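Here's the structure we're looking at; comments come further down.
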Amino acid sequence: MSAKPILEKLAVLADAAKYDASCASSGTVKRDSVASKGIGSTEGMGICHSYAPDGRCISLLKILLTNFCIYDCRFCINRASSNVERARFSPQEVVRLTLDFYKRNYIEGLFLSSGIIRSEDYTMEQLVEVARILREEHRFQGYIHLKTIAGADPGLIALAGLYADRLSTNVELPTEAGLLSFAPEKKPETIRKTMASVRVGAEAAKSRLIGKATPPRFAPAGQSTQMIVGADAARDDDILKTATNLYSGYQLRRVYYSAYSPIPDASSDLPPVRPPLMREHRLYQADWLLRFYGFERAEIMEGASGGMLDLAIDPKLAWALMRREAFPVDINRAPRELLLRVPGLGTRAVDRIVAARRLGKLRLGDLAKLTASVKKVLPFIVTLDWRPGKLTDSADLRARFAPPPEQLALAL
0 MSAKPILEKL AVLADAAKYD ASCASSGTVK RDSVASKGIG STEGMGICHS YAPDGRCISL
60 LKILLTNFCI YDCRFCINRA SSNVERARFS PQEVVRLTLD FYKRNYIEGL FLSSGIIRSE
120 DYTMEQLVEV ARILREEHRF QGYIHLKTIA GADPGLIALA GLYADRLSTN VELPTEAGLL
180 SFAPEKKPET IRKTMASVRV GAEAAKSRLI GKATPPRFAP AGQSTQMIVG ADAARDDDIL
240 KTATNLYSGY QLRRVYYSAY SPIPDASSDL PPVRPPLMRE HRLYQADWLL RFYGFERAEI
300 MEGASGGMLD LAIDPKLAWA LMRREAFPVD INRAPRELLL RVPGLGTRAV DRIVAARRLG
360 KLRLGDLAKL TASVKKVLPF IVTLDWRPGK LTDSADLRAR FAPPPEQLAL AL
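Sequential numbering of the sequence shown, starting at 0, is according to numbering that gives the first Met the number 0.
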């Protein structure tokens with residue numbers, strides 16, 4: 000087959016893949032310690048598509064196997080009834096593109112999703128075949144993220160986990176009511192069953208690891224999912240409740256929040272404009288508080304109006320303003336758990352503070368060297384030479400940090 004049809008397909012299927020946000024590649028391990036045994040790498044720098052938590056740029060070829068789909072989810076641009084240009088790769092074409100892009104140093108890995116064709120099992124077989132050819136026939140050692148197809152045979156999910164670094168199954172919408180309304184062909188219990196299969200596979204791999212030096216080979220970067228924000232009536236509280244249940248129930252590595260993007264010929268009950276991107280941003284901040292800062296969902300939503308996060312200020316600051324009695328915090332004495340609740344202090348800054356205060360009492364100048372957010376921190380902390388006085392209880396404290404209305408309007 001000539002290169003031109005493949006490139007035309009690439010234009011269609013790369014564009015169609017942009018709606019899936021769950022393509023970060025953090026948390027994987029090197030597949031081979033001997034570089035000469037294979038090609039590709041999960042490490043290094045390249046053309047950036049996403050970022051790892053340590054700041055590394057991760058370049059990925061992010062495409063769909065096909066945007067044909069037998070489902071007619073009303074929020075999806077690739078739904079069966081959508082009047083969009085269609086294309087389909089063969090597994091061999093995806094392999095060829097991945098290897099060609101890698102050898103030119105364009106990418107470090109592959110993110111592969113797909114519309115559902117023929118059946119869930121058939122589509123999953125095609126996705127697994129791409130990963131199998133890359134791993135077994137070409138010894139590709141780079142990163143592979145496969146989108147699992149909800150309802151596919153557990154045996155196929157198990158195979159996918161052997162070849163892929165990360166697996167993801169999208170829950171699509173935050174609530175079962177929303178999914179049943181906008182995508183009645185997709186069943187919440189089927190999605191949960193597939194996610195459970197991934198968790199079981201990962202736990203089985205870890206149990207086999209006991210007493211062995213070989214790292215687990217089942218999706219070592221874990222599993223993730225994505226929720227569309229703003230397509231239905233789900234509130235931020237509903238979204239965070241679902242995320243919390245997913246983290247605890249299926250050991251997810253990440254939940255991604257994707258602001259709904261209006262699509263052509265959409266049904267009348269879908270919003271005509273996308274929700275504020277700031278809403279998506281606030282949800283990510285709240286998600287971070289849940290996973291890394293010791294917050295409970297109920298704490299984050301304290302004082303939230305109508306179950307919605309405050310768009311003007313970040314959720315940690317909103318919580319602190321509701322709990323002023325907890326402040327100021329003594330930087331030199333407070334436990335790490337309490338320091339993590341100080342607005343403006345991130346996990347790295349807190350770890351630096353805890354390490355530095357072992358060597359002596361910290362002053363405000365010392366703190367300025369450990370964090371870039373001193374101005375935001377001042378009302379909430381005490382150091383050897385600083386006390387906020389009445390600043391902590393100031394009535395205009397919120398106004399000090401909230402952007403002016405015209406700036407917030409631009410952000411929305």
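All C-beta atoms, glycine included, are put in the ideal place defined by N, C-alpha and C. Note that the structure is a prediction, hence the values are computed from the model and not measured.
Closer than 8 Å by C-beta to LEU161: which residues in its own chain qualify, once you throw out the five before and the five after it? Chain order, please.
Contacts found: ARG216, PHE217.
Using C-beta distances below 7 Å, list every residue in its chain close to LEU369, excluding the 5 sequence neighbours before and after it, in chain order.
Closer than 7 Å at the Cβ level, and outside the excluded window around LEU369, lie ALA348, ARG351, ILE352, ALA355.
Which value, in whole angstroms, describes the spacing of the CA atoms of LEU6 and ALA371?
For the pair LEU6 and ALA371, the Cα-to-Cα distance works out to about 45 Å.
With TYR255 and GLN225 assumed to form a contact (beta carbons below 8 Å), what rounded beta-carbon distance in angstroms separates them?
Right, their Cβ atoms sit about 4 Å apart.
Extent of the continuous beta strand (DSSP E) run through TYR256
It spans 253–258 - the beta strand (DSSP E) in which TYR256 sits, taken as one unbroken run.
Take PHE422 and list the residues in its own chain whose beta-carbon comes closer than 7 Å to its own, dropping the five residues that flank it on each side.
Look at the range of the chain in this structure, 0 to 411, and you will see that residue 422 is not part of it.
C-alpha distance - GLY82 paired with SER266, whole-angstrom precision
Note on identity: in this sequence residue 82 is Asn, with Gly being the wrong assignment. Put simply, the backbone Cα of ASN82 is about 13 Å away from that of SER266.
Kindly list the residues whose CB is nearer than 6 Å to the CB of ALA86, restricted to its own chain and excluding five residues on each side of it in sequence; keep chain order.
So the qualifying residues of the chain are LYS8, VAL11, LEU12.
One question on the structure: do ILE76 and ILE227 come within less than 8 Å of each other, judged by their Cβ atoms?
ILE227 sits away from ILE76, with the two beta carbons spaced by 8 Å or more.
Looking only at its own chain, which residues have a Cβ that is under 8 Å from the Cβ of CYS72, when we skip the five neighbours before and after it?
Counting only Cβ-Cβ distances below 8 Å, and skipping sequence neighbours, we find ARG78, GLU171, PHE181, ALA182, GLU184, LYS185.
Looking at C-beta atoms only, is the number of pairs between the stretch 385–396 and the stretch 308–327 that lie closer than 8 Å three or more?
Touching, yes.
Answer with buried or exposed for LYS146, where buried requires no fewer than 16 other C-beta atoms within 10 angstroms of its C-beta.
By the 10 Å Cβ count, LYS146 comes out buried.
Which first and last residues belong to the alpha helix (DSSP H) in which LYS374 is found?
Looking at the DSSP string, the run of the alpha helix (DSSP H) that includes LYS374 is 373–376.
Which residues DSSP lists as bridging TYR427, in chain order:
Residue 427 is absent from the model: the chain starts at 0 and stops at 411.
DSSP beta-bridge partners for TRP385?
Beta-bridge pairing links TRP385 to THR382.
Near ILE156, what residues of its chain come up, given a Cβ to Cβ distance below 8 Å and the 5 sequence neighbours on each side ignored?
Answer for ILE156: MET123, THR147, LEU166, THR193, SER196, VAL197, GLY200, listed in chain order.
Locate the alpha helix (DSSP H) running through SER247, then write down its first and last residues.
Where SER247 is concerned, the enclosing alpha helix (DSSP H) stretches over 235–249.
Given a cut-off of 8 Å, decide if LEU344 and VAL373 are closer than it, judged by their beta-carbon atoms.
The beta carbons of VAL373 and LEU344 sit no closer together than 8 Å.
Determine the burial state of VAL283: buried for a count of at least 16 other Cβ atoms within 10 Å of its Cβ, exposed for fewer.
One point to set straight first is that residue 283 is Tyr, not Val, in the sequence displayed. With fewer than 16 other Cβ atoms inside 10 Å of its own Cβ, TYR283 counts as exposed.
Buried versus exposed, by CB contacts within 10 Å (16 or more), PHE110
Label assigned to PHE110: buried.
Out of SER113, LYS102, SER89, state which residue places its alpha-carbon closest to the alpha-carbon of TYR18.
Measuring from the Cα of TYR18, the nearest candidate turns out to be SER113.
Straight-line CA distance for ALA398 to LEU276?
Cα to Cα, ALA398 sits roughly 22 Å from LEU276.
Which residue spans inside the stretch 137–187 form an unbroken beta strand (DSSP E) run of at least 3?
Listed in chain order, the complete beta strand (DSSP E) runs (minimum 3 residues) inside the stretch 137–187 are 142–146, 165–167.
Starting from the C-beta of PRO153, find all residues in its chain whose C-beta is less than 6 Å away, skip the five residues before and the five after it, and write them out in chain order.
Taken in chain order, the residues that qualify are SER196.
Does the beta-carbon distance from VAL127 to LEU158 come in below 8 Å?
Yes, the pair counts as a contact, with Cβ atoms nearer than the cut-off.
Three-state secondary structure (DSSP) of THR370:
Under the three-state reduction of DSSP, THR370 is assigned to coil, being neither helix nor strand.
With H, G and I counted as helix, E and B as strand and the rest as coil, what does DSSP make of ILE352?
DSSP places ILE352 within a helical segment (H, G or I) once states are collapsed to three.
Could you spell out where the beta strand (DSSP E) holding VAL228 opens and where it closes?
Looking at the DSSP string, the run of the beta strand (DSSP E) that includes VAL228 is 222–228.
Mark TYR142 as exposed unless 16 or more other C-beta atoms lie within 10 angstroms of its C-beta, in which case mark it buried.
TYR142 is buried by the Cβ-count criterion.
Let me check one thing: in DSSP terms, what residues is VAL199 bridge-paired to?
According to DSSP, which records beta bridges pairwise, VAL199 is partnered with nothing at all.
Applying the criterion that 16 or more other CB atoms from any shown protein chain within 10 Å of the CB defines a buried residue, is THR27 buried or exposed?
Low confidence applies to THR27: its pLDDT is 48, below 50, so where it sits in the model is not reliable, and the reading given next is rough at best. Buried: at least 16 other Cβ atoms inside 10 Å.
Relative to the C-alpha of GLY359, which residue among ARG332, ARG103, PHE379, THR346 is closest?
For the residues ARG332, ARG103, PHE379, THR346, the minimum Cα distance to GLY359 belongs to ARG332.
Given GLU119, which residues of its chain have a CB within under 6 Å of its CB, disregarding the five upstream and five downstream residues?
The answer, listed in chain order, is ILE148, GLY150, ALA151.
Whole angstroms is fine: what's the gap from ASP236's alpha carbon to ARG95's?
Near 44 Å, if we compare the C-alpha coordinates of ARG95 and ASP236.
Output the residue ranges of the alpha helix (DSSP H) runs that lie fully inside the stretch 285–362 and measure 4 residues or longer, sorted by chain position.
Runs of the alpha helix (DSSP H) inside the stretch 285–362: 296–299, 314–321, 335–338, 346–355.
Element boundaries [beta strand (DSSP E), containing LYS102]:
Segment 90–102 is the alpha helix (DSSP H) holding LYS102; no beta strand (DSSP E) there.
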